[in-house]
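Student: First the structure, which I've put down as C-alpha coordinates, then a few questions once you've had a look.
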(Lines of atoms letter the chains of each structure in order from A and count residues from 1; the text may use other names and numbers.)
(Lines give C-alpha, C1' and ligand atoms only; values in the text may rest on other atoms or scores of the structure.)
Protein backbone atom coordinates (compact mmCIF):
# COMPACT_ATOMS: atom_id res chain seq x y z
CA UNK A 1 0.00 0.00 0.00
CA UNK A 2 2.79 2.39 0.88
CA UNK A 3 4.44 2.06 -2.53
CA UNK A 4 1.09 2.41 -4.30
CA UNK A 5 0.42 5.64 -2.42
CA UNK A 6 3.87 6.94 -3.35
CA UNK A 7 3.15 6.21 -7.02
CA UNK A 8 -0.18 8.03 -6.84
CA UNK A 9 1.17 10.93 -4.77
CA UNK A 10 4.90 11.26 -5.61
CA UNK A 11 5.04 14.75 -4.07
CA UNK A 12 4.02 13.22 -0.72
CA UNK A 13 6.74 10.55 -0.46
CA UNK A 14 8.25 11.98 2.73
CA UNK A 15 4.82 12.56 4.27
CA UNK A 16 3.72 9.01 3.47
CA UNK A 17 6.84 7.65 5.14
CA UNK A 18 6.16 9.87 8.15
CA UNK A 19 2.53 8.71 8.37
CA UNK A 20 3.43 5.02 8.18
CA UNK A 21 6.13 5.56 10.83
CA UNK A 22 3.59 7.33 13.07
CA UNK A 23 1.13 4.45 12.68
CA UNK A 24 3.87 1.93 13.55
CA UNK A 25 4.98 3.97 16.57
CA UNK A 26 1.39 4.36 17.75
CA UNK A 27 0.71 0.65 17.56
CA UNK A 28 3.97 -0.09 19.39
CA UNK A 29 3.26 2.25 22.28
CA UNK A 30 -0.34 0.99 22.46
CA UNK A 31 0.95 -2.55 22.76
CA UNK A 32 3.25 -1.49 25.58
CA UNK A 33 0.34 0.14 27.41
CA UNK A 34 -1.75 -3.02 27.29
CA UNK A 35 1.18 -5.27 28.20
CA UNK A 36 1.80 -3.19 31.30
CA UNK A 37 -1.77 -3.92 32.39
CA UNK A 38 -0.67 -7.55 32.85
CA UNK A 39 2.03 -6.63 35.37
CA UNK A 40 1.64 -5.96 39.06
CA UNK A 41 0.71 -2.37 39.80
CA UNK A 42 4.09 -1.32 41.22
CA UNK A 43 6.09 -2.55 38.24
CA UNK A 44 3.48 -1.22 35.81
CA UNK A 45 3.55 2.18 37.49
CA UNK A 46 7.34 2.43 37.25
CA UNK A 47 7.46 1.30 33.62
CA UNK A 48 4.55 3.52 32.66
CA UNK A 49 6.16 6.62 34.12
CA UNK A 50 9.37 5.86 32.22
CA UNK A 51 8.03 4.77 28.85
CA UNK A 52 4.42 5.80 28.22
CA UNK A 53 4.62 9.58 27.86
CA UNK A 54 4.40 9.22 24.08
CA UNK A 55 1.35 6.96 24.42
CA UNK A 56 -0.48 9.65 26.39
CA UNK A 57 0.52 12.31 23.84
CA UNK A 58 -0.92 10.19 21.04
CA UNK A 59 -4.18 9.55 22.92
CA UNK A 60 -4.83 13.29 22.72
CA UNK A 61 -4.19 13.43 18.95
CA UNK A 62 -7.15 13.08 16.59
CA UNK A 63 -6.85 11.21 13.29
CA UNK A 64 -7.25 14.51 11.44
CA UNK A 65 -4.42 16.11 13.42
CA UNK A 66 -2.16 13.11 12.85
CA UNK A 67 -2.75 13.02 9.10
CA UNK A 68 -2.41 16.79 8.78
CA UNK A 69 0.94 16.62 10.60
CA UNK A 70 2.26 14.34 7.85
CA UNK A 71 0.33 15.01 4.64
CA UNK A 72 -0.29 18.20 2.64
CA UNK A 73 -2.53 16.85 -0.14
CA UNK A 74 -6.27 17.11 0.68
CA UNK A 75 -6.97 14.09 -1.53
CA UNK A 76 -4.41 11.92 0.23
CA UNK A 77 -5.63 13.11 3.63
CA UNK A 78 -9.16 12.06 2.69
CA UNK A 79 -7.92 8.70 1.46
CA UNK A 80 -5.98 7.99 4.66
CA UNK A 81 -8.92 9.01 6.82
CA UNK A 82 -11.38 6.93 4.81
CA UNK A 83 -11.43 4.05 7.28
CA UNK A 84 -13.25 6.08 9.93
CA UNK A 85 -16.40 4.10 9.18
CA UNK A 86 -14.67 1.00 10.56
CA UNK A 87 -14.53 2.51 14.02
CA UNK A 88 -17.74 4.52 13.71
CA UNK A 89 -16.31 7.77 14.95
CA UNK A 90 -15.73 11.20 13.55
CA UNK A 91 -12.01 11.57 12.72
CA UNK A 92 -12.15 15.07 14.19
CA UNK A 93 -13.15 13.69 17.58
CA UNK A 94 -11.68 10.17 17.78
CA UNK A 95 -8.25 9.26 19.09
CA UNK A 96 -5.51 8.45 16.61
CA UNK A 97 -4.90 5.20 18.51
CA UNK A 98 -8.00 3.72 16.89
CA UNK A 99 -7.21 5.09 13.42
CA UNK A 100 -3.67 3.68 13.61
CA UNK A 101 -4.92 0.21 14.48
CA UNK A 102 -7.47 0.20 11.67
CA UNK A 103 -4.99 1.65 9.16
CA UNK A 104 -2.31 -0.93 9.98
CA UNK A 105 -4.91 -3.64 9.45
CA UNK A 106 -5.26 -2.54 5.82
CA UNK A 107 -1.59 -1.93 5.02
CA UNK A 108 -1.15 -5.42 3.59
CA UNK A 109 -4.39 -5.15 1.62
CA UNK A 110 -7.99 -5.99 2.27
CA UNK A 111 -10.18 -8.82 1.10
CA UNK A 112 -13.88 -9.34 0.64
CA UNK A 113 -15.51 -12.63 -0.33
CA UNK A 114 -16.75 -12.92 -3.90
CA UNK A 115 -20.53 -12.90 -3.69
CA UNK A 116 -20.59 -11.04 -0.37
CA UNK A 117 -20.55 -12.33 3.16
CA UNK A 118 -23.42 -14.75 2.48
CA UNK A 119 -21.04 -16.81 0.34
CA UNK A 120 -19.05 -17.76 3.47
CA UNK A 121 -21.99 -19.71 4.85
CA UNK A 122 -22.53 -21.59 1.59
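In the working numbering, the protein residues as written are 290 to 411. Glycine included, each C-beta is placed from N, C-alpha and C at the ideal position.
1. By how many angstroms is the C-alpha of residue 403 removed from the C-alpha of residue 315?
2. Excluding the five sequence neighbours on either side, which residues of its own chain have a C-beta within less than 7 Å of the C-beta of residue 307, listed in chain order?
3. For the alpha helix (DSSP H) that residue 360 lies in, which residues bound it at each end?
4. Within this structure, are the beta carbons of residue 312 and residue 393 separated by less than 8 Å?
5. Specify, as a first and last residue, the run of the alpha helix (DSSP H) that residue 392 falls within.
6. Would you mind reading off the limits of the alpha helix (DSSP H) that contains residue 304?
7. Using beta-carbon positions only, say whether residue 329 and residue 351 come within less than 8 Å of one another.
8. Report back the beta-carbon spacing between residue 372 and residue 391 to the nearest angstrom; my notes put them in contact at under 8 Å.
9. In chain order, what residues of the same chain lie with their CB nearer than 6 Å to the CB of residue 396, ignoring the 5 residues before and after it?
10. Nearest-angstrom Cα distance between residue 337 and residue 322?
11. With DSSP run on the structure shown, which of helix, strand or coil describes residue 369?
12. Terminal residues of the continuous alpha helix (DSSP H) containing residue 298?
Tutor: So, from the listed chains and residues:
1. 33 Å
2. 359
3. Premise fails: residue 360 is in no alpha helix (DSSP H) and is neither H nor E.
4. yes
5. 385-395
6. 302-325
7. no
8. 5 Å
9. 290
10. 8 Å
11. helix
12. That residue, residue 298, is in no alpha helix (DSSP H); it is neither H nor E in DSSP.
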